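Participant: Numbering (the UniProt record's numbering) for the sequence shown: 1 to 127. Here you go, one structure.
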Amino acid sequence: MPELENNFYNKNLKPLARNMRNDSTKAEIRLWCEILSGKRMLGYGFRRQRPVGNYIADFLCKELMLIVEVDGYSHNFKMEEDVKRDAQLQALGFTTLRFSDREVMQDIENVWRTLEFWIFEGENSLS
């Protein structure tokens, strides 16, 4: 899928993405360590803080064309920006699933179930 990578990967954001990986929130670290790293999510691989278009996705799975975002308190004041961002990412072919810091920290099992459900639904729609 290298040609697809070139359609959305923004190498100019690579240094910022690296800094963001080194400065992850507790919720991002928990989601990565408990669910998304090491192909734990039904065998699908995710990358952390990945440049996509003009944005940096918290977590990205190219195979599923899925972006997972963990929204902290500041996102309560950025709802319009998030809608615009999600629309632009959708135009690139991605689906964005958003979870709050609180959901990740207090109800990680439901986050896991939501991701599994989304993947199962996607796989079943392809068959």
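For every residue, glycine included, the Cβ atom is placed at its ideal position computed from N, Cα and C. Every value quoted in this text rests on a predicted model; they were computed, and no experiment measured them.
Could you please give the first and the last residue of the uninterrupted alpha helix (DSSP H) stretch that includes leucine 42?
Facilitator: What you label residue 42 is simply residue 42 of the sequence shown in a count that begins at 1. Careful: leucine 42 lies outside any alpha helix (DSSP H) and carries neither H nor E.
Participant: Excluding the five sequence neighbours on either side, which residues of its own chain have a C-beta within less than 7 Å of the C-beta of aspartate 86, listed in chain order?
Facilitator: In the sequence shown, residue 86 corresponds to position 86, counting from 1. Here the set comprises Thr96.
Participant: Which one of Glu103, Cys61, Val111, Ala57 has the shortest CA to CA distance from lysine 14?
Facilitator: The count along the sequence shown starts at 1 and reaches residue 14 at position 14. It is Ala57 whose Cα lies nearest to the Cα of lysine 14.
Participant: Between leucine 36 and the rest of its own chain, which residues show a CB-CB distance below 6 Å, the 5 nearest in sequence each way excluded?
Facilitator: For the purposes of this step, residue 36 is taken as residue 36 along the sequence shown, with counting starting at 1. Taken in chain order, the residues that qualify are Phe46, Phe59.
Participant: When the Cα of lysine 62 is compared with those of Asn124, Phe8, Glu123, which residue comes out closest?
Facilitator: Counted from its first residue, the sequence shown places residue 62 at position 62. Of the listed residues, the one whose Cα sits closest to lysine 62 is Phe8.
Participant: Compute the Euclidean distance between the alpha carbons of tryptophan 112 and asparagine 124, then round it to the nearest angstrom.
Facilitator: Taking the first residue of the sequence shown as position 1, residue 112 is located at position 112. Taking the first residue of the sequence shown as position 1, residue 124 is located at position 124. Each residue's Cα considered, the two are about 18 Å apart.
Participant: Given that a residue counts as buried once 16 or more other Cβ atoms are within 10 Å of its Cβ, and exposed if not, what is phenylalanine 117?
Facilitator: Translated into the one-based positions of the sequence shown, residue 117 becomes position 117. Label assigned to phenylalanine 117: exposed.
Participant: Secondary structure at phenylalanine 120, three-state DSSP: helix, strand or coil?
Facilitator: For the purposes of this step, residue 120 is identified with residue 120 of the sequence shown, where counting begins at 1. Residue state, collapsed to three classes: helix.
Participant: Classify methionine 79 as buried or exposed, calling it buried when 16 or more other Cβ atoms lie within 10 Å of its own Cβ.
Facilitator: Looking up residue 79 in the sequence shown gives position 79. Looking at its Cβ environment, which holds fewer than 16 other Cβ atoms inside 10 Å, methionine 79 is exposed.
Participant: By Cβ distance below 7 Å, which residues in the same chain neighbour residue 129 in space, the five residues on each side in sequence not counted?
Facilitator: The displayed coordinates of the chain run from 1 to 127. Any statement about residue 129 would go beyond what the structure contains.
Participant: Looking only at its chain, what residues have a beta carbon closer than 7 Å to the beta carbon of glutamate 34, apart from the 5 residues adjacent to it on each side?
Facilitator: As a position in the sequence shown, residue 34 is number 34, starting the count at 1. If we look at glutamate 34 and ignore the five residues flanking it on each side, its Cβ neighbours are Ile108.
Participant: Looking at the structure shown, is phenylalanine 59 part of a helix, part of a strand, or coil, going by DSSP?
Facilitator: Position 59 of the sequence shown, counted from the start, is the residue given in the question as residue 59. It is a strand residue.
Participant: With which residues is arginine 47 paired in a DSSP beta bridge?
Facilitator: Position 47 of the sequence shown, counting from 1, holds the residue named residue 47. BP columns for arginine 47 point to Leu60.
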